[in-house]
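Contents: one structure, followed by commentary.
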Amino acid sequence: MMTIKEDKGTGVVTSVPSDSPDDYVALMDIKNKVNLREKYNIEESMVLPYDPVPII
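Letter by letter, the sequence shown follows residues 1 to 56 in the UniProt record's numbering.
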């Protein structure tokens, strides 16, 4: 997620951790690191209640 351009996009992108483990790592970082959330103006309510949903 840290490599995504925030000013350019077309919609929702799904994440498959086995194909893109950096998405999972970024989610865990943003959930566990308060200073990172503050840097990007992300509120706890935007990330803490959510967990990846296994589909297999």
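For glycine and all other residues, C-beta sits at the position ideal for the given N, C-alpha and C.
Computed from a prediction, not measured in an experiment: that's the story for all the values here.
Residues near residue i in its chain [Cβ-Cβ closer than 8 Å; skip 5 each side]
| i | result |
| --- | --- |
| residue 58 | No statement about residue 58 is possible, as the shown extent of the chain runs from 1 to 56 and does not include it. |
8 Å Cβ cutoff met for residue i and residue j
| i | j | result |
| --- | --- | --- |
| Tyr24 | Pro49 | no |
Distance, residue j Cα to residue i Cα
| i | j | result |
| --- | --- | --- |
| Asp7 | Leu27 | 20 Å |
| Ser45 | Asn32 | 13 Å |
| Ser20 | Val34 | 23 Å |
| Asp22 | Lys5 | 15 Å |
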